[in-house]
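Take a look at the structure below.
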Amino acid sequence: MPKPVNADITRSEIPLSRRSFLKTGTAMVSGSLAAHTLHQVTGAEAAENLPPNVPDWSRPLGTSVDDRPYGTPSPYESQVVRRSLPWITATRESSVNFTPLHELDGIITPNGLCFERHHGGAPDIPPHEHRLMLNGLVDRPLLFTMDDLKRFPCESRFYFLECAANGGLEWFGAQLNGCQYTHGMVHCVQYTGVPLKTVLNEAGLTSNAKWILAEGADSASMTRSIPLEKAMDDCLLAYSMNGERLRPEQGYPLRLLVPGWEGNMWIKWLRRLEVGDQPWHSREETARYTDLLENGKARQFTWIMEAKSVVTHPSPEKPLLQKGFQQLKGLAWSGRGKIARVDVSFDGGINWQPARLDEPVLPKCLTRFYADWTWNGEERLIQSRAMDEFGYVQPEYPDLLKARGIHSIYHNNGIQTWLVNPSGEVGNVRLGS
Ligand code: MTE
Ligand code: CO
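In the UniProt record's numbering, the protein residues as written are 1 to 433.
Have a look at this one:
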């Protein structure tokens, strides 16, 4: 097997704050092992509740239908939460938290678990006071209320959203010991809203219209330039996610969807669209969200999120608890379209076997994959490699670094390696080239 460069090796090179996180990460793994064995060690009490006895919870009447006007998960699932890294940003308002990918099944992210990325905190916007302004190179500038927007013909579509910075810290080597942190800046929900082209056509575009500026109503006033071709293709003005109104942190009452493209462009709390004939070169498309190459030049407007995948089970947070049959679970996605195939390796990329793609497989959406395997307590290097319907194959790190150099943060879609130890614990490692 190729020799892994263990996360431990990078610990001495990273700031103290990160080191202390790595310790927390390890503690978290053993914590989940302890939680799993809880029902066994408290066996004396639990035996009363085991068959053929009637358990405690089956005797009294349960809670009433009036007790949960808005339902929440079982208290036994309290570990299934978004998590953040306090040291990752200078302030808590301009920061990020991460989706617990390792705890989820299927392809839909529950609304309360979608990672959040804000540059100026999440504003609290009364919907009746919110307006969407449409100005610039249009025949008729328009101002919409939320009720106006909801009168247009609507569509519901499933899309993933991935922050361009997902995995940014992993660029140089294995850093964070948990798939929530290495890959959790992605979520996937079913949105409902109005196609952007419907609203643009309502205003009428002038013949020199080429670009759209989208602007948020948060204190960061986030602005991004979107080429007209994309705006008229599949962009959506969404007011709902997973059947209910957007959550405040996801842009309530209105957000722009730019399917398959970097999350930064999906302007939340959308208050203005300006039509222009050239891009605006805002902060978020110059100082940020550009990729510095080895030759000192930077790539700009690298919008598409290329094919990527991660094994969510096993993972650092989901160690192997028993030998024998194992169900490998993972997620794959491509900003270009559908996932065509995912291969998995158990020996660090020497041998590959096709994973089983779970239905539905939708374009620009998370795809769930599974593989059946057997673990007999030996060390394993587990990887997954996604391929999209256009034949693009997720790269290995040596190839990614060769093409992009060492200064990048954004658009890291390198193949992740998990090291399964004989104890069943799983670590984040980087294979040498
Ligand atoms: N829109 C506004 N108005 N303000 C923001 O800070 N953050 C962007 C984008 N849209 C942001 C925004 C970034 S960088 C990402 S990755 C996504 O929103 C995150 O969306 P989410 O919070 O729903 O996960
Ligand atoms: Co982002």
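For every residue, glycine included, the Cβ atom is placed at its ideal position computed from N, Cα and C.
Q. According to DSSP, is VAL54 helix, strand or coil?
A. coil
Q: Output the distance between the C-alpha atoms of LEU257 and THR89, rounded to the nearest integer angstrom.
A: 25 Å
Q) Rounded to a whole number of angstroms, what is the C-alpha to C-alpha distance between LEU237 and TRP352? A) 41 Å
Q. Between the beta-carbon of GLU389 and the beta-carbon of ALA340, is there less than 7 Å?
A. yes
Q: Please check the pair THR109 and CYS179, which I expect to be a contact at CB under 8 Å, by giving their CB distance rounded to whole angstroms.
A: About 14 Å separates the two Cβ atoms, so there is no contact after all.
Q. Buried or exposed: GLU249, going by 16 or more other Cβ atoms within 10 Å of its Cβ?
A. buried
Q: Could you say which of LYS230, GLY216, ALA217 and GLY184 lies nearest to LEU200 if we only look at CA atoms?
A: LYS230
**Q.** Same chain, Cβ closer than 6 Å to ASN376, neighbours up to 5 away in sequence not counted
**A.** LYS323
Q: Let me know if ASP234 comes out buried or exposed under the rule of 16 or more other beta-carbons within 10 Å of its beta-carbon.
A: buried
**Q.** Residue of LEU101, ASP124, ALA214 and ASN421 minimising C-alpha distance to VAL275
**A.** ALA214
Q: In angstroms with no decimal places, state the Cα-to-Cα distance between THR302 and PRO86.
A: 28 Å
Q.
Within the continuous alpha helix (DSSP H) that includes ALA371, where are the two ends?
A. It is not in any alpha helix (DSSP H) - ALA371 instead sits in the beta strand (DSSP E) that spans 367-375.
(Q) Going by the DSSP bridge assignment, what does residue 440 pair with across the sheet? (A) The structure shown has nothing for residue 440, since the chain only spans 1 to 433.
Q) Helix, strand or coil: which one does DSSP assign to CYS179? A) helix
Q) What first and last residue would you give for the alpha helix (DSSP H) that runs through LEU196? A) 196-203
Q.
Going by DSSP in three states, LEU381 sits in which element: helix, strand or coil?
A. strand
Q) When we look at the beta-carbon of ASN428 and count the other beta-carbons within 10 Å, is it buried (16 or more) or exposed? A) buried
Q.
Three or more C-beta pairs under 8 Å: does that hold for the stretch 144-159 against the stretch 295-312?
A. no
Q: Could you name the residues that DSSP lists as bridge partners for TYR191?
A: ARG157 and MET241
Q | Residue range of the alpha helix (DSSP H) that includes residue 468 | A | The requested residue 468 does not occur in the structure, where the chain is confined to residues 1 to 433.
Q: Consider the C-beta atom of CYS163 and the heavy atoms of the ligand CO; say whether any pair is separated by less than 6 Å.
A: yes
Q) Is it a yes or a no for the stretch 70-81 touching the stretch 49-61, going by three-plus beta-carbon pairs under 8 Å? A) no
Q: Could you tell me the distance, in whole angstroms, from the CA atom of GLU103 to the CA atom of PRO316?
A: 12 Å
**Q.** Cα-Cα separation, SER95 to TYR252
**A.** 18 Å
Q | For ARG404, the first and last residue of its enclosing alpha helix (DSSP H) | A | 397-404
Q. Between HIS281 and ARG288, what straight-line distance do the alpha-carbon atoms span, to the nearest angstrom?
A. 10 Å
(Q) My output table needs one value for LEU47: the three-state DSSP class, helix, strand or coil. (A) With the sequence shown as reference, residue 47 is identified as Ala, and Leu is not the correct amino acid for it. Three-state DSSP puts ALA47 in a helix.
(Q) By the DSSP assignment, the alpha helix (DSSP H) with ARG151 in it spans what residues? (A) 146-151
Q) In the structure shown, what three-state DSSP assignment does PRO354 receive? A) strand
Q. Contact between the stretch 159-178 and the stretch 137-144: three or more CB pairs below 8 Å?
A. no
Q.
Let me confirm a value: LYS402 is counted as buried when at least 16 other C-beta atoms fall within 10 Å, else exposed. Which label applies?
A. exposed
Q. To the nearest angstrom, how far is it from the Cα of SER423 to the Cα of GLU379?
A. 9 Å
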